[in-house]
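K.L.:
Residues 0 to 448, numbered by numbering that gives the first Met the number 0, are exactly what the sequence shown covers, in order.
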Amino acid sequence: MPRETDESGRLAAKLAAPDVVPVRVPRPWWLPHFLGRVPLGLESRHVSLVGVIALAGFFENYDLSMMTAAFKQIRETFGLTQAEMTSLVAWVRLGAIPAFFVLPLADRFGRRRVFLASLVGMSVATFCTAFAQTAVQYIFCQTLTRTFVVASISTAVVIVAEELPARHRGWGIGMLGAIGSFGFGLGAVLYAFVDVLPFGWRALYLVGIVPLVWLPMLRRRVPETDRFERHRREALEGMQPAAGWGRPMIEMLRSHPFRSLAVAAMALLAATGFSPAFGLLSDFVQTSHEWQPSSYSLMAVLAGALGVIGNPAMGWAADRFGRRPVALVAFCVFPLVAYAVYFGPGPGIPLFWIPLVFILTGGNVLMRIITTELFPTSSRNTAMGWETLQETLGSAAGYALVGGLTVAGASVAPAVVVVATLTMVAALVVWWLPETAGRELEVTSEHPD
0 MPRETDESGR
10 LAAKLAAPDV
20 VPVRVPRPWW
30 LPHFLGRVPL
40 GLESRHVSLV
50 GVIALAGFFE
60 NYDLSMMTAA
70 FKQIRETFGL
80 TQAEMTSLVA
90 WVRLGAIPAF
100 FVLPLADRFG
110 RRRVFLASLV
120 GMSVATFCTA
130 FAQTAVQYIF
140 CQTLTRTFVV
150 ASISTAVVIV
160 AEELPARHRG
170 WGIGMLGAIG
180 SFGFGLGAVL
190 YAFVDVLPFG
200 WRALYLVGIV
210 PLVWLPMLRR
220 RVPETDRFER
230 HRREALEGMQ
240 PAAGWGRPMI
250 EMLRSHPFRS
260 LAVAAMALLA
270 ATGFSPAFGL
280 LSDFVQTSHE
290 WQPSSYSLMA
300 VLAGALGVIG
310 NPAMGWAADR
320 FGRRPVALVA
330 FCVFPLVAYA
340 VYFGPGPGIP
350 LFWIPLVFIL
360 TGGNVLMRII
370 TTELFPTSSR
380 NTAMGWETLQ
390 ETLGSAAGYA
400 LVGGLTVAGA
410 SVAPAVVVVA
420 TLTMVAALVV
430 WWLPETAGRE
440 LEVTSEHPD
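(1) Please state the DSSP three-state secondary structure of Ala-407.
(2) Is it true that the CB of Gly-179 sits closer than 7 Å to the CB of Asp-318?
(3) Only counting the same chain, and skipping five residues up and downstream in sequence, which positions put a Cβ closer than 7 Å to that of Ala-436?
(4) Taking 8 Å as the cut-off, does the region 99-107 touch the region 81-90 (at least 3 CB pairs, one atom from each stretch)?
(5) Between His-230, Gly-176, Pro-247 and Leu-432, which lies nearest to Val-49 when the distance is taken from Cα to Cα?
(6) Closest to Arg-226 by CA distance: which of Arg-218, Pro-275, Ile-158 and Ser-259 is it?
(7) Three-state secondary structure (DSSP) at Trp-200?
(8) Pull up the distance between the alpha-carbon of Ala-202 and that of Thr-376, whole angstroms please.
(9) Between which two residues does the alpha helix (DSSP H) holding Phe-330 run?
(10) What span of residues does the alpha helix (DSSP H) with Arg-166 cover, start to end?
(11) Under 7 Å between the Cβ atoms of Met-523 and Phe-374?
(12) Leaving out five residues before and five after Leu-355 in sequence, what residues of the same chain have Cβ atoms less than 6 Å from its Cβ?
(13) Tell me whether Gly-78 is buried or exposed, calling it buried when 16 or more other Cβ atoms sit within 10 Å of its Cβ.
(14) Tell me which same chain residues have a C-beta within less than 6 Å of the C-beta of Thr-143, skipping the five on either side of it?
(15) Give the single residue among Val-206, Val-195 and Phe-147 whose Cα lies nearest to the Cα of Phe-478.
(16) Leaving out the 5 sequence neighbours to the left and right, which residues in its chain are closer than 7 Å to Phe-139 when beta-carbon positions are compared?
(17) Please report the distance separating the alpha-carbon of Arg-219 from that of Pro-346.
(18) Buried or exposed: where does Trp-385 fall if 16 or more other Cβ atoms within 10 Å of its Cβ makes it buried?
Structure (structure tokens):
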């Protein structure tokens, strides 16, 4: 529309102004040196926003890490086999489906409200998981947790995408994932003591209530995005009626049918290949290679710390070389790395774990960057919900396929590697999408399919 085009022109002119000298803000306390420096031109408010949002992501990833790390102990508590527990995990992954109905609310009431409400729901549901007495209760609590985790993470990505400059959007979303990934590290460290902690794996879930302590700080420091505020003002000035829940979804599918279908295929195929390869590794190394929980934790902390560099590294590479070529390489290499992890020698697993985590975390960042850039402000959070729904279905399908292809008592390795090859098809889908690197959101989303 003309208004969006004019706004895009003003933003481009501002970025290209010759009298603006880029400066580098001081390194914040939360940014480790091995993750690189703050890019030139980012304002301190941008860096502060990424740090605050990443703090919430830290605990979101901590919660997600518990099922991955304590998979063996949890299934043994409820007397389940590998195949049975793998199939149940597929149901937990489906817990993100309700998030698909929550995320459009952020396109109506604002990103900030949905983000904070989801964080509260996640904390309470995680805490309740510790008291599950049956497998059904555990699955119910974790399904509810997954709903709020997905809603919170998806909205956080939209907040960062809408607030950061176009040339650093990939870095911001990548850094969001990198700092959040340290939550996996905390989970791995605590999991090393799972056999001596009071109440075993249940104690790990009690930590999930901690984010509520920081809620007052988050309420003060997480603002509503300027783009959403501008969109809301324009709607009021135009005397447009308040959008119903389904209106953003209908507008998105009507205006961008090809992009909507392509994003769905990308997320579905990638998640199907990614999820089992990562989520079943703890049980695999303890069952097939007779590792101790502490050995897995050591690998997750040391090798995983190098792997999470994939978040900012792929975000930076996508800003510099483009979304499509980086995604093509990452998604095509992943099945080869999965094969090396599951069929290579036991001592080599930590070595191959690094590129597996690197590609998986970086690949998720790429999909989120692409999704936020392809759709307008009026339906951007809805688009993230759409992408998240497909990830959820893909993740559940991945676990279900591995569980179905694995004979009782046999190793999951062959099925995991076969399913991982679907990421190659996801790479082809990404290549068909338009390149969005370095362009403002108003430009990347203004033309319908």
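For every residue, glycine included, the Cβ atom is placed at its ideal position computed from N, Cα and C.
P.N.:
By the coordinates alone:
(1) Of the three classes helix, strand and coil, the one that applies to Ala-407 here is coil, per DSSP.
(2) no
(3) Ala-317, Asp-318, Gly-321 and Arg-322
(4) no
(5) Gly-176
(6) Answer by Cα proximity: Ile-158.
(7) In the structure shown, Trp-200 sits in a helix (DSSP, three-state: H, G or I).
(8) 41 Å
(9) 322-342
(10) Here Arg-166 belongs to no alpha helix (DSSP H), and DSSP marks it neither H nor E.
(11) The first residue shown for the chain is 0 and the last is 448, placing residue 523 beyond what the model contains.
(12) Val-336 and Val-340
(13) exposed
(14) According to the sequence as given, residue 143 is Leu; it is not Thr. Excluding residues within five positions, the ones whose Cβ falls inside 6 Å are Ala-124.
(15) Absent from the model: residue 478. The displayed extent of the chain is 0 to 448, so no value can be given.
(16) Counting only residues of its own chain and dropping the five nearest sequence neighbours on each side, Phe-139 has no CB closer than 7 Å to any other CB.
(17) The straight-line gap from Cα to Cα measures roughly 48 Å.
(18) buried
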